[in-house]
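Protein sequences appear in the order of chains A and F.
Start counting the first sequence at 1; every next residue gets the next number (the numbering used here).
Start counting the second sequence at 1; every next residue gets the next number (the numbering used here).
There are 2 protein chains.
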Amino acid sequence: MVIGAGVAGLVAARDLVRGGADVLVLEARDRVGGRLLNDELPGGEPIEVGGQWVGPGQDRVLALIEELGLRTYPTHVDGRHIAEVGSSRSVYTGRIPRLNPLVLADIGQAQYRLDRLARQVAAADPWLAPRAGELDGQTFATWLRRTAHTAGGRAFLRLVTEAVFAAGPEDMSALWALSYVGGAGGLDPLIKAAGGAQQDRVVGGTQRIALGMAEELGSRVILGAPVTDIEWESSGVRVLTRGGPTVRARRAVVAVPPPLAARIRFAPGLPGDRDQLVQRMPMGRVIKVNVAYDEPFWRDAGLSGQANSTVRALGAVLDNTPFGGSPGVLVGFLEGQHADAGARMTLDERRAQVIDDLVGYFGPRARSPLAYIERDWAEEEYSRGCYGAFAVPNTLTRFGPALRAPIGPLHWAGTETAVKWAGYIDGAAESGHRVAGEILPRFR
Amino acid sequence: MVIGAGVAGLVAARDLVRGGADVLVLEARDRVGGRLLNDELPGGEPIEVGGQWVGPGQDRVLALIEELGLRTYPTHVDGRHIAEVGSSRSVYTGRIPRLNPLVLADIGQAQYRLDRLARQVAAADPWLAPRAGELDGQTFATWLRRTAHTAGGRAFLRLVTEAVFAAGPEDMSALWALSYVGGAGGLDPLIKAAGGAQQDRVVGGTQRIALGMAEELGSRVILGAPVTDIEWESSGVRVLTRGGPTVRARRAVVAVPPPLAARIRFAPGLPGDRDQLVQRMPMGRVIKVNVAYDEPFWRDAGLSGQANSTVRALGAVLDNTPFGGSPGVLVGFLEGQHADAGARMTLDERRAQVIDDLVGYFGPRARSPLAYIERDWAEEEYSRGCYGAFAVPNTLTRFGPALRAPIGPLHWAGTETAVKWAGYIDGAAESGHRVAGEILPRFR
């Protein structure tokens, strides 16, 4: 059986069913999709308030999209982008904003060193990388501080970290950050729209990936069944839910993020290594905001809608207009400490700040949206943060193997357990395939 | 009502009862004491397998001991101590081992800088200290690396960190480590036996502190009632237990460590700040070992029983002979990564390693114990580690205020919430008094 009807759990269940196993998926929420969720724009078009992009190299999710008969379309990137680093502002095309050449050179050399080191720890087991202990014994902030030397370069790398992890470089282990970058094939693939992880969108919204799989699985997916307890022995599990069924099975796939796995009671209790691990992989924090306008007015001004700033709370913005072209939508993110500050505001204060930032980027027409749609994932009981969990210092070197190692009949999935594209939809799919591969041979 | 019958919860309950409140204490285990626990030596004398020492400056626990009619006695420290730093071994009296003078000078200057900085962050709110963000953005390992310059000095400070936190300097925020040291009044008060936190013991074992309070509280303490859910609104709480009663109350004191508080389901869910905090305060890890001999043979050889080593798994050993003087007992600790390694061994392997280390310190008579008594606190469902929880980088500056701030009818106790002596029995008592003080005025 599978716990969690996010992409990881659904992919696992689907593989298991295809392999001839009898599968049940228990989902705490009254919907499938986990961190993938569609909301509705004025006019009824779906819009993602959770994970939403796919890109080249994400072979597993792209295959899944195709299998499910879904279509992708490119994120709108035509026009000039906006970049603010410190007090300088650049409106530019291509990959590189026109900033102080010293800052650009600093970013270039830092990224070169980051990518080179990330390749060395890109393996499935970053804790075995050369200098793993040293890298895991420091925060990513410490590593960046030694690597970038200009204020602008450091500010840019902070912005990039926040955009990728929804956490600051101070929050996480340098080894975790490097292995994450390595698993995506470098920093550019992570941060680019065209050619990177934000290149493409799914017509109808990414939640359709989960909905499509759930439809295939039919009555095997049970909603509104939050798992509270897993009693286990070598021959099987007994899974208790709050207000739902109690289920017996030969094996259990736990396909929820580490901080939620930590809230399930296991009897007998799990070995110290596994328990310590899940105590040390907190979730990032992000408030995602979609702001809809009667039309994508920025395009008329020759702007792509892509904007980044080291000095605004809304550090990253992209055009998020749906496939049909209307309404015009800008999507922005309050990440890490900006999410902390945002969550302490009232809705009115937060909206005012977001709109102010959009006006700062795109001018006065941004002042009058049709709709403001936000989602604070740290407030969601069954996510408790986004985009994903990260490892704090000294966690991978001490407890890394416990991330994926099965314990008796218990198997661990979820994007955080992926070797490639951990934190992305693709990583979730990878982990689902992996656990199914762990289990199916035992049934034959 | 109070959740958790450790010292924090029991002190809170006792103060509340004295203040005229109607109190119930729900305890998950079938015993009180939390991380205080007595086991039995051959012959029946009690011996602590959990927290066990008290010392000067710990005014709250000392007052409690006196009120309960318990007696203390000094930890045995007479004789020569053993210190191994790298390949050099010193058998010495007084405070300072005879080691390489360069190493001693390095330790001295590092300790001076540590104590000076710790005084600056000793306040109740370390996140407001000067340079708090910078200190919280790095691991304590990074800070120590910049502060100590010799291999011996660094090894010694690692040993001290492990002895104090049951975690390595790589595991925790520098700001957390500094505030912890500051809250104890400096490094010496933390690490010294005579004159420090290991100075005195409680006749009959420290669990008697908890047992004494529980006796006073009588039927108000309900054992075997693990709390699973807390439903709350401004006017009160409804607390659900697994297999025990459901209890309604006006207020709830949650007196369990952060990783266990995270496993209670709150409805409605707690604000993001509080939830993120408890995702980021993992427990230390220690396997505590008491080894009993027919007599304290090391004393005959002029040794105190105190031994420390940067090169052995059993990095810290003290004489733990009970008040009556028999049997002879040595207590040692496998801390942090040594606990990881120890937990992966079989009992026989682990015992063999411990005995080998004791023979290395004290000679061949250590080879033949009467009894070997160990406790791996990371395996305990209702502790999940020891000595206490610590904050990982960027946690105090982002979420520190959520450590103690009440939320509606919910109040937070436990030694980790203490301003002074966080992680010690004294800190637990401080936190119990504090929450009672938060609640009682509202009843008048």
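Heads up, the beta-carbon is just placed ideally off N, CA and C, and yes, glycines get one too.
Taking a contact as a CB-CB distance under 8 Å, the pair His-81 of chain A and Ser-309 of chain A does not count as one, their CB atoms being some 11 Å apart. When Cβ-Cβ separations below 9 Å define contact, Thr-161 of chain F makes no contact with chain A. When rounded, the separation of the alpha-carbon atoms in Tyr-361 of chain F and Asp-275 of chain F is 45 Å. At the C-beta level, Pro-393 of chain A and Asp-136 of chain A come within 9 Å of one another. Burial check for Ala-210 of chain A: the Cβ neighbour count within 10 Å reaches 16 or more, so the residue is buried. Three or more beta-carbon pairs separated by less than 8 Å are not found between the stretch 94-114 of chain F and the stretch 124-136 of chain F, which leaves the two stretches without contact.
Contact of Met-345 of chain A with chain F is not assigned, every C-beta pair being separated by 9 Å or more. Considered as a whole, the stretch 157-229 of chain A harbours 200-202 as its complete beta strand (DSSP E) runs of no fewer than 3 residues, in chain order. DSSP places Thr-397 of chain F inside the alpha helix (DSSP H), whose first and last residues are 396-399. Around Ala-5 of chain F, the same chain offers Val-25, Glu-27, Val-32, Val-221 as residues with beta carbons nearer than 6 Å, after the five sequence neighbours per side are excluded. Fewer than three pairs of CB atoms, one per stretch, sit closer than 8 Å, so the stretch 17-24 of chain F makes no contact with the stretch 432-442 of chain A. Close CB contacts of Gly-236 of chain F within its chain, under the 8 Å cut and outside five residues either way in sequence, are with Arg-248, Ala-249, Arg-250, Arg-251, Pro-409 (chain order). Straight-line measurement puts the Cα of Val-239 of chain F at about 46 Å from the Cα of Ile-355 of chain F.
Take Ser-431 of chain F, set aside five residues on each side of it, and the residues of its chain with a beta-carbon closer than 7 Å to its own are Ala-8, Ala-413, Gly-414, Thr-415, Thr-417, Ala-418, in chain order. In this structure, Arg-285 of chain F and Ala-124 of chain F do not form a Cβ contact; the two beta carbons are roughly 27 Å apart against a cut-off of 8 Å.
Among the bridge pairs identified by DSSP, Asp-39 of chain A is matched with A:Ile-47. In terms of Cα proximity to Ser-234 of chain F, the closest of F:Pro-259, F:Pro-268, F:Gly-204 is F:Pro-268. For the 9 Å CB-CB criterion, Arg-350 of chain F and Met-283 of chain F do not form a contact. Per the Cβ contact rule, the stretch 179-196 of chain F is not in contact with the stretch 335-352 of chain F (fewer than 3 Cβ pairs under 8 Å). At the C-beta level, Gly-400 of chain F and Leu-277 of chain F come within 9 Å of one another. Put simply, the stretch 36-47 of chain F does not touch the stretch 56-70 of chain F. Fewer than three CB pairs are less than 8 Å apart. Per DSSP, His-76 of chain A is not a residue of any alpha helix (DSSP H), being assigned neither H nor E. Non-local C-beta neighbours of Ser-90 of chain A in its own chain, meaning closer than 7 Å and more than five positions away in sequence, comprise Ala-83, Pro-97, Arg-98, Leu-99, ordered along the chain. When only Cα atoms are considered, Trp-298 of chain F and Ser-326 of chain F end up about 13 Å apart. Residues of chain F with a Cβ closer than 8 Å to the Cβ of Pro-259 of chain A are, in chain order, Ala-262, Gln-279. Beyond the five residues adjoining it in sequence on each side, Arg-375 of chain A comes within less than 6 Å, by CB distance, of Val-49, Lys-288 in the same chain, given in chain order. Buried is the label assigned to Asp-273 of chain F, since at least 16 other Cβ atoms lie within 10 Å of its Cβ. Interface criterion not met: the Cβ of Arg-350 of chain A is under 9 Å from no Cβ in chain F.
Chain-ordered, the chain A residues with CB closer than 9 Å to the CB of Gly-269 of chain F read Glu-379, Glu-380, Glu-381, Arg-384. Rounded to the nearest whole angstrom, the C-alpha separation of Ala-214 of chain A and Leu-10 of chain A is 7 Å. Contact with chain A is absent for Glu-416 of chain F, since none of that chain's Cβ atoms lies less than 9 Å from the residue's Cβ. Judged by DSSP secondary structure, Val-103 of chain A falls within the alpha helix (DSSP H) whose first and last residues are 101-120. For Arg-95 of chain F and Gly-79 of chain F, the gap between their C-alpha atoms comes out near 12 Å. In the displayed model, Phe-140 of chain A falls within a helix according to three-state DSSP. Out of A:Gly-388, A:Arg-434, A:Arg-442, the CA that lies nearest to the CA of Gly-34 of chain A is found in A:Gly-388. Scanning its chain for C-beta atoms nearer than 6 Å, with the 5 sequence neighbours on each side dropped, one finds around Leu-36 of chain A the residues Gly-50, Gly-51, Thr-206, Gln-207, Ala-210, in chain order.
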